[in-house]
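Enquirer:
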Amino acid sequence: MRINVLQHTPNEGPGSIQRWSQLHHHEMYIYHPYRFGNLPTADETDMLVILGGPMGPNDNLPWLKEERQLIKQLLAEHKPIFGACLGAQQIAKTLGCRIGKAPHKEVGWAPVYLQTDKIPGLPKKITALHWHEEMFEIPDEAELLFSSDLVKNQGFVLGHHVVGLQFHFEPEADNLREIAINDNHYPDDHNDLHQTAADIIKHGVPAENREVMYHILDFITAK
1 MRINVLQHTP NEGPGSIQRW SQLHHHEMYI YHPYRFGNLP TADETDMLVI LGGPMGPNDN
61 LPWLKEERQL IKQLLAEHKP IFGACLGAQQ IAKTLGCRIG KAPHKEVGWA PVYLQTDKIP
121 GLPKKITALH WHEEMFEIPD EAELLFSSDL VKNQGFVLGH HVVGLQFHFE PEADNLREIA
181 INDNHYPDDH NDLHQTAADI IKHGVPAENR EVMYHILDFI TAK
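With full-length UniProt numbering applied, the sequence shown covers 1 to 223.
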């Protein structure tokens, strides 16, 4: 299977998604549209992963609009799609949902709570990495998957092939440090989780997050 990854900033890579791809002997291609403007076609995409980034779906950037055209094609073809943060917002916007400011800016570690049994076997409560201040509406066809204490719309599952998460399960230890040291001022401004970059690094990545990420990827790629 060819997995095409859309990466939107140098310090937010695929993390454990890449490890999962390697374990299953898939081929992963990582695109940087914000830098090079290149995107894969639908025909050469068996699975699409859309990662986070500092920009928003409402920004007037041509490549963001082109991403949504690709997402629209893949949705019509029922191909697996996973979106994290900006990626989830891009999926929701493609489906006609509004993207706007969340009621709280969340930067750091905080629990999320499972809202549906659509994906069997997920824990009821998981500590996840949050790095956002915007929020998506839940698409009409989708189910609310996760909520946090501060923001209700934290994740959705659409059918059996699409999952969007406002937060991050994919970072591993090295990725966490890369995110936090390079975007170290973002947690300091009006952060309702009241964690600094140093706090976030010190917390570390919970061991179960990789397994939860694998479980979601197994679900959306199951035949």
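For every residue, glycine included, the Cβ atom is placed at its ideal position computed from N, Cα and C.
#1: Compute the distance between the beta-carbons of Gln90 and Glu106, then report whether it is under 8 Å.
#2: Output needed for Leu122: all residues of its chain with C-beta closer than 7 Å, excluding positions within five of it in sequence on either side, in chain order.
#3: Taking the alpha-carbon positions, what's the Phe156 to Thr9 distance?
#4: Can you tell me which residues form a DSSP beta bridge with Thr9?
#5: Tell me the residue span of the beta strand (DSSP E) that contains Arg143.
#6: Considering only the alpha carbon of each residue, which of Pro171, Leu6 and His194 lies closest to Ile81?
#7: Any chance you could list the alpha helix (DSSP H) runs of at least 4 consecutive residues sitting entirely within the UniProt domain "Glutamine amidotransferase" (42 to 170), in chain order?
#8: Let me make sure I understand the geometry here. Which of Asn4, Pro54 and His26 has the alpha-carbon closest to that of Ile179?
#9: Could you tell me which residues DSSP pairs with residue 225 in its beta bridges?
#10: To the nearest angstrom, report how far apart Glu27 and Gly15 are at their CA atoms.
#11: Is the CB-CB distance between Asp192 and His104 below 8 Å?
#12: Tell me whether Thr221 sits in a helix, a strand or coil according to DSSP, three-state version.
#13: Do the stretch 167 to 176 and the stretch 200 to 211 make contact, defined as three or more Cβ pairs closer than 8 Å?
#14: With DSSP collapsed to three states, give me the class of His215.
#15: Among Ile71, Thr45, Gln22 and Gly83, which has the Cα closest to the Cα of Leu51?
#16: Considering only C-alpha positions, which residue in the set Asn60, Asp149 and Gln154 is nearest to Glu143?
#17: CA-CA distance, Asp43 and Tyr31?
Expert: Here's the rundown:
#1: Here residue 90 corresponds to residue number 90 of the sequence shown, with the count starting at 1. Here residue 106 corresponds to residue number 106 of the sequence shown, with the count starting at 1. Glu106 sits away from Gln90, with the two beta carbons spaced by 8 Å or more.
#2: Here residue 122 corresponds to residue number 122 of the sequence shown, with the count starting at 1. Apart from the 5 residues on each side of it in sequence, Leu122 sits with its Cβ closer than 7 Å to the Cβ of Leu114, Val212 and His215 in its chain, given in chain order.
#3: Residue mapping note: residue 156 aligns to position 156 of the sequence shown, counting from 1. Residue mapping note: residue 9 aligns to position 9 of the sequence shown, counting from 1. Here the alpha carbons of Thr9 and Phe156 stand approximately 23 Å from one another.
#4: As a first step, residue 9 must be located in the sequence shown, where it is residue number 9. DSSP lists no partner for Thr9.
#5: For this step, residue 143 is matched to residue 143 along the sequence shown. Sequence check: residue 143 is Glu here, not Arg. Residues Glu143 to Ser148.
#6: Numbered from 1 along the sequence shown, position 81 holds the residue referred to as residue 81. Among Pro171, Leu6 and His194, the Cα nearest to that of Ile81 belongs to Leu6.
#7: Correct list: 62 to 76 and 86 to 94.
#8: Working through the sequence shown from its first residue, we reach residue 179 at position 179. Comparing alpha carbon positions, the residue from Asn4, Pro54 and His26 closest to Ile179 is Pro54.
#9: Residue coverage of the chain in this structure runs from 1 to 223, which leaves residue 225 outside it and unanswerable.
#10: Indexing the sequence shown from 1 puts residue 27 at position 27. Indexing the sequence shown from 1 puts residue 15 at position 15. Going from the Cα of Glu27 to the Cα of Gly15 covers about 15 Å.
#11: Your numbering for residue 192 matches position 192 in the sequence shown. Your numbering for residue 104 matches position 104 in the sequence shown. Yes, Cβ-Cβ distance for Asp192 and His104 is below 8 Å.
#12: For this step, residue 221 is matched to residue 221 along the sequence shown. Three-state result, Thr221: helix.
#13: At 8 Å Cβ cutoff, the stretches touch.
#14: Position 215 of the sequence shown, counted from the start, is the residue given in the question as residue 215. In the structure shown, the three-state DSSP call for His215 is helix.
#15: Working through the sequence shown from its first residue, we reach residue 51 at position 51. Closest in C-alpha terms to Leu51, from the list Ile71, Thr45, Gln22 and Gly83, comes Gly83.
#16: Translated into the one-based positions of the sequence shown, residue 143 becomes position 143. Per the Cα distances, Gln154.
#17: Here residue 43 refers to the residue found at position 43 when the sequence shown is read from its first residue. Here residue 31 refers to the residue found at position 31 when the sequence shown is read from its first residue. If I take the Cα positions, the gap works out to 16 Å.
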